[in-house]
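J.:
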Amino acid sequence: MTARYAVRDIWISWAGIAVVLAVWQAIATWGLINPAIFPGPFEVARAAVTLVPLERVLLHAGSSLTRIVWGFSLGAGLGIAIGVASGWYRGLGSVVRAPIELLRPIPPLAWIPMAIIWFGLGEPSKVFIIFLGAFFPVVTNAYKGMTGVDPDLFRAAQTLGLGGWRLLMHVALPASLPDVATGVRVGWSLSFGALVAAELIAADRGLGFMIMNARELGQIGVIMYGIMVIGALNFLTDWLIREALFRRRLRWHFAS
Amino acid sequence: MNQPAATPKIVVNGVSRQFPAADPERGLALQDINLTIGANEFVSVVGRSGCGKTTLLNLIAGLLRPTEGEVCIDGRRVEGPGPDRGMVFQHSALFPWLTAIENVEFGPRNLGVPRDRRRALARELIDLVRLRGFEDKYPRELSGGMKQRVAIARALATDPEILLMDEPFGALDELTRAEMQEELLRIWGARRKTVVFVTHSIMEAIYLSDRVVVLSPHPGRVRREVPIPMPRPRQRSSTEFMAYYEDIHGSIF
Amino acid sequence: MGAVTVAVLLVAWETAGRVGLLSAYHFPRPSRLAVTIWDLVVVGFPVGVTVWQHVGATIARIVQGYVLAAALAVPLGLVIGGVRALDQATAPVVTFARSVATISLLPLAVAWFGVGERSRVLLIAYGCFWVILTNVVEGVKSVDPELIRAGRMLGSTPRQVFTRVVLPASTPRIFAGMKVALGLAFMVIVGVEMIGTIKGLGALIMEARTFYRSDTAMVGMIFIALFGFALARLLDRLERVLLPWSTGLEAVER
Ligand SMILES: Nc1ncnc2c1ncn2[C@@H]1O[C@H](COP(=O)(O)OP(=O)(O)OP(=O)(O)O)[C@@H](O)[C@H]1O
Ligand SMILES: [Mg+2]
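Chains as they are written, first to last, in this note's numbering: chain A, 2 to 257; chain B, 2 to 254; chain C, 1092 to 1345.
1. Can you tell me the Cα-Cα spacing of isoleucine 253 of chain B and valine 223 of chain B, whole angstroms?
2. Determine the direct distance from the alpha carbon of glycine 1156 of chain C to that of isoleucine 130 of chain A, and round the result to whole angstroms.
3. Is DSSP giving proline 5 of chain B helix, strand or coil here?
4. Say yes only if the C-beta of glutamine 91 of chain B is nearer than 7 Å to one or more non-hydrogen atoms of ligand 1, and no if none qualify.
5. According to DSSP, simplified to helix, strand and coil, what is proline 228 of chain B?
6. Please report how far the alpha carbon of serine 50 of chain B lies from the alpha carbon of glycine 1242 of chain C, in whole angstroms.
7. Run through DSSP, which three-state label would arginine 1120 of chain C get?
8. Determine, using beta carbons only, whether arginine 120 of chain B comes closer than 8 Å to chain A.
9. Pick from B/Arg110, B/Ser202, B/Pro169 and B/Ile163: whose alpha carbon is nearest that of glycine 190 of chain B?
10. Compile a chain-ordered list of the residues in the segment 131 to 153 of chain A whose CB is closer than 8 Å to at least one CB of chain D.
11. Taking 8 Å as the cut-off, decide whether the C-beta atoms of alanine 1151 of chain C and isoleucine 38 of chain A are in contact.
12. Closer than 7 Å by beta-carbon distance: list the chain C residues that pair up with tryptophan 119 of chain A, in chain order.
13. As a quick exercise: from A/Leu234, A/Gly222, A/Asp10 and A/Ile202, pick the residue whose alpha carbon is nearest that of alanine 49 of chain A.
14. In chain order, what residues of the segment 238 to 251 of chain B put their CB closer than 7 Å to some CB of chain A?
15. On the DSSP letters alone, give me the boundaries of the alpha helix (DSSP H) that alanine 94 of chain B sits inside.
16. With distances taken between CB atoms, is the gap from serine 1190 of chain C to isoleucine 228 of chain A smaller than 8 Å?
17. Residues of chain A with CB closer than 8 Å to the CB of arginine 159 of chain B, please, in chain order.
18. So what does DSSP say about alanine 40 of chain B, is it helix, strand or coil?
19. Hey, is arginine 156 of chain A's beta-carbon within less than 8 Å of any beta-carbon in chain B?
20. Who are the near neighbours of glutamate 241 of chain B in its chain, counting only those whose CB is closer than 7 Å to its CB and skipping five residues on each side?
21. I want to check one thing, is the minimum distance from the CB of serine 17 of chain B to the heavy atoms of ligand 1 below 7 Å?
22. With a 10 Å radius around its C-beta and 16 neighbouring C-beta atoms as the bar for buried, classify isoleucine 11 of chain A as buried or exposed.
23. State yes or no: is the C-beta of aspartate 167 of chain B nearer than 7 Å to some heavy atom of ligand 2?
24. Using 8 Å as the limit for Cβ to Cβ distance, is isoleucine 13 of chain A near chain C?
25. Cα-Cα, which of A/Ile13, A/Gly121, A/Tyr226 and A/Pro179 is closest to alanine 204 of chain A?
26. Please classify asparagine 214 of chain A: does DSSP put it in a helix, a strand, or coil?
27. Does the separation of the CB atoms of alanine 1260 of chain C and valine 1234 of chain C fall below 8 Å?
28. Give the list of continuous alpha helix (DSSP H) stretches no shorter than 4 residues that lie fully inside the segment 126 to 174 of chain A.
29. Under 8 Å between the Cβ atoms of arginine 78 of chain B and glutamate 71 of chain B?
30. Which of the three DSSP states, helix, strand or coil, is assigned to asparagine 35 of chain A?
31. Indicate whether at least one CB of chain B lies closer than 8 Å to the CB of proline 42 of chain A.
32. Could you tell me if tyrosine 139 of chain B is buried or exposed, where buried requires 16 or more neighbouring beta carbons within 10 angstroms of its beta carbon?
33. How about methionine 1 of chain B: is its C-beta nearer than 8 Å to some C-beta of chain A?
34. Does the beta carbon of tryptophan 253 of chain A sit closer than 8 Å to a beta carbon anywhere in chain B?
35. Give the interface partners of alanine 1202 of chain C over in chain A, defined as CB-CB distance under 9 Å, in chain order.
36. Is phenylalanine 198 of chain B close to ligand 1? I mean its beta-carbon at under 7 Å from any heavy atom of the ligand.
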């Protein structure tokens, strides 16, 4: 792609965004849908500025992020540990795979009642739901990566004097990194969904609570604002993960 | 150098290899293989696809255990792979997360060679396989032939006494192939290596080796061993060369 | 080996429950769960709403939302994928819309459409729509240009190139997207069934908690898992029948 094309592409992308905003505003302005329940972008912006001070939003975003960071790191960390260990030690794999496969099809949100029964209504039950969102994709992909390594790579390393632990560190782990990274990304998006759901159902702070609260107050503009903040946060964090993992560590795996 | 040396470097002694298979006849990849390869000898192995050439190399490398018999290097039984035997794999088997030069450095790094020295060594080998300028490319950015050349450099990096090569030039164009053959002969002569070379090309086998081993398929056995006592450099068009070709070709088909 | 592990775990769970190591409320024993399943089949929970009605309600919502999403996303994706400028123009919007967690739309959907079926179906459709759309677009875009050239050389008109080359070549990716979307539908359904209804598997487990029936909640989870697993298998089967030549692709994220 030449530079000239790239510049044109950026303009087209902005134009696309502008069209969407314009149509949205037009519908609201001309009252095609009852403006009371369908505010346009300007109204949403005004609601954002007047009804929720920025520091409150940041506070909510902060508690949401704290929850997801806890739940996600625990889930991804344990997922990688178990996935790698069960892929490396065949015996362990044959023992832990079956229970994991049985629990995997249960959506994280379906655990909410049990989580509340086990951990009560406080933070631990939310962290647990988020944990589940991350754990299953990560453990599954890590295991898949570990067991899918081209056996010739192990052979090549062995003829170059590698054995035991170092085979794990220098061959199996790097070779399964692309799969682990995929699991981490899927896990992040599931964790995010779980976070929002947990906050909608039972929370007194966090972005999910903010929009639920706005619904009770009938502030549609704030709901929309909250949804967009959640979307932006998800987008931004996903982008960060992609940059960190895929661009930097996995340049060898993808087109540069 | 044309004559097999007196001290056997590699002894393959009554080796059979059975793979798990529904039909045990089918699973028998190699049966009762006996081979003695002298130090500094260049031996080629030819035979139809699936006759067990790769299996034989894996057995010598110590990557596979024989179901019967044993493989000895310098009189000692092979128990596993080691950096004394370098291997060039049929499908190059480069580490995709390492650049070309990092792949070459892989072996020396394991042996604890200091960074500067192994860098220098790797650069030398990269030059040897004519890949200067491609050091920092990842395998997926290299062509099939380039990958194969990196794999050769990687195998040479630990300076192994024995080189096991599984169709290393299969993916190369005619010209590069001829160049690499010369290079290989040069390395072999200069660094005094014992080479076991698997190829599909009878011409290549005759051009390079002191001896050509012909395997027969299902189960894999040594059908013939043909010494090639021609002086080097060899003329591919000579009548003697062609006579060897006809002879070996006839015993495969 | 896997079956042995699971059997051992179940027996351990049962005994731990019987000797009082695990509380009956927090970890209802497997034998208790079996009884609950039976109750749920013949009596129902809440009384009169049997498990089949729950499953039926959930299936109906998923199928409606999913089919609606696919019916919109596939044609739209084919067009967007085929026209470069359109893809450029929509990419940021699509990416953002995908990032919007479907569950976060629940309050808005309730405000717009009330707590009825419409909200639930539309939310499922929303989540599935963007996943399918992304994969259809990506599928069309990543068709090997050599295939298109080959089609042209063999005398296909532009239209034929589209229907006979581009479309079949992108179906594996489309299928991959459909599978991911199904998983997402299961994630969303539980969330949207948690309010405003007593029918559906998500409603079942939420109701169960309200009445302190942990056994029923667990049985509900088992049913969701079984049902999700069965639907995923069905799609796999369908893929193998419809696309016997495909090696199976992974969905893209973008
Ligand atoms: N890991 C394995 N498990 C089962 N059978 C195997 C395995 N490896 C090789 N075989 C069988 O052993 C026989 C010899 O295989 P091998 O790879 O050594 O052949 P080859 O001579 O190298 O063939 P090619 O020239 O095509 O590379 C084949 O019939 C193959 O099917
Ligand atoms: Mg082979």
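Where a beta carbon is used, it is the ideal one built from N, C-alpha and C, also for glycine.
Remember, predicted model here, so these are calculated numbers, not experimental data.
T.: Concretely, from the data shown:
1. Between isoleucine 253 of chain B and valine 223 of chain B, the C-alpha separation is close to 11 Å.
2. Near 25 Å, if we compare the C-alpha coordinates of glycine 1156 of chain C and isoleucine 130 of chain A.
3. Per-residue confidence for proline 5 of chain B stands at a pLDDT of 48, beneath the threshold of 50, marking its modelled position as unreliable; no derived number is given.
4. Ligand 1 has a heavy atom closer than 7 Å to the beta-carbon of glutamine 91 of chain B.
5. Looking at proline 228 of chain B - three-state DSSP - the assignment turns out to be strand.
6. Approximately 34 Å, taken between the alpha carbons.
7. Arginine 1120 of chain C falls in the coil class under three-state DSSP.
8. At least 8 Å separates the CB of arginine 120 of chain B from every CB of chain A.
9. Closest in alpha carbon position to glycine 190 of chain B, among B/Arg110, B/Ser202, B/Pro169 and B/Ile163, is B/Ile163.
10. Structure shown: chain D not included; protein chains present are A, B and C.
11. 8 Å or more divides the Cβ of alanine 1151 of chain C from the Cβ of isoleucine 38 of chain A.
12. Within chain C, the residues near tryptophan 119 of chain A are His1117.
13. Closest by alpha carbon: A/Gly222.
14. Against chain A - using a Cβ distance shorter than 7 Å - the segment 238 to 251 of chain B contributes no residues.
15. First-last for alanine 94 of chain B: undefined, no H or E at that position.
16. Remark: C-beta atoms of serine 1190 of chain C and isoleucine 228 of chain A do not approach each other more closely than 8 Å.
17. The amino acid at residue 159 of chain B is misidentified as arginine; the sequence shows threonine. The contacting residues are Leu161 and Gly162.
18. Assignment of alanine 40 of chain B by DSSP, reduced to helix, strand and coil, places it in the coil class.
19. At least one chain B Cβ lies under 8 Å of arginine 156 of chain A.
20. Cβ within range, chain order: Met231.
21. For ligand 1, not one heavy atom lies less than 7 Å from the Cβ of serine 17 of chain B.
22. With a threshold of 16 other beta carbon atoms within 10 Å, isoleucine 11 of chain A falls short and is exposed.
23. Yes, the Cβ of aspartate 167 of chain B comes within 7 Å of a heavy atom of ligand 2.
24. Taking CB atoms only, isoleucine 13 of chain A has a neighbour in chain C less than 8 Å away.
25. Minimum Cα-Cα distance from alanine 204 of chain A among the listed residues A/Ile13, A/Gly121, A/Tyr226 and A/Pro179 corresponds to A/Gly121.
26. Three-state DSSP puts asparagine 214 of chain A in a helix.
27. Yes, Cβ-Cβ distance for alanine 1260 of chain C and valine 1234 of chain C is below 8 Å.
28. Runs of the alpha helix (DSSP H) inside the segment 126 to 174 of chain A: 152 to 160 and 165 to 168.
29. Yes, they are a contact pair.
30. In the three-state scheme derived from DSSP, where H, G and I count as helix and E and B as strand, asparagine 35 of chain A is classed as coil.
31. Under the Cβ criterion of 8 Å, proline 42 of chain A is not counted among the residues facing chain B.
32. Around the beta carbon of tyrosine 139 of chain B, 16 or more other beta carbons sit within 10 angstroms, so the residue counts as buried.
33. Nothing can be reported for residue 1 of chain B, as the shown portion of chain B is limited to 2 through 254.
34. Chain B contact via Cβ: present.
35. Neighbours of alanine 1202 of chain C on chain A, chain order: Ile38, Arg216, Gly219, Ile221 and Ile224.
36. No, the Cβ of phenylalanine 198 of chain B stays beyond 7 Å of every heavy atom of ligand 1.
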